Amino acid sequence: MRLILTILGVLAVAMGVLWMAQGTGIFPYPASSFMINQSPWILWGALLAFAGLCILFASRRLIR
Numbered sequence: 001m002r003l004i005l006t007i008l009g010v011l012a013v014a015m016g017v018l019w020m021a022q023g024t025g026i027f028p029y030p031a032s033s034f035m036i037n038q039s040p041w042i043l044w045g046a047l048l049a050f051a052g053l054c055i056l057f058a059s060r061r062l063i064r
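Numbering-wise, UniProt numbering puts 59 at position 59 of the sequence shown, and it's gapless, one number per residue.
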């Protein structure tokens, strides 16, 4: 269970950072993406990354 939560947390953080990078225009790939330079994706990415960090924290501290 701990391994699954760790993998899920890392993937959520990575996806959240990617969404924030696309929302700010730092990572404009693919060029036809609807997320590029769209500020709502900065917020959604931050929320997803925060949720991933919470999952990582819970997998490390609560499940022993």
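Using N, Cα and C, we set each Cβ at its ideal position, and we do this for glycine too. Predicted model, so just to flag it, every value in this text is computed and none were measured.
Q) Any idea if residue 1 is buried or exposed, counting beta-carbon neighbours within 10 angstroms, 16 or more meaning buried? A) exposed
Q | Assumed close pair residue 52, residue 23 - CB separation to whole angstroms, cut-off 8 Å | A | The C-beta distance from residue 52 to residue 23 rounds to 16 Å, too long to meet the 8 Å contact threshold.
**Q.** residue 5 versus residue 17: straight-line alpha-carbon distance, rounded
**A.** 18 Å
Q. Which stretch, first to last residue, makes up the alpha helix (DSSP H) that contains residue 27?
A. Run containing residue 27: none; DSSP gives neither H nor E here.
Q. By the 10 Å Cβ neighbour count, where 16 or more other Cβ atoms means buried, how is residue 31 classified, buried or exposed?
A. exposed
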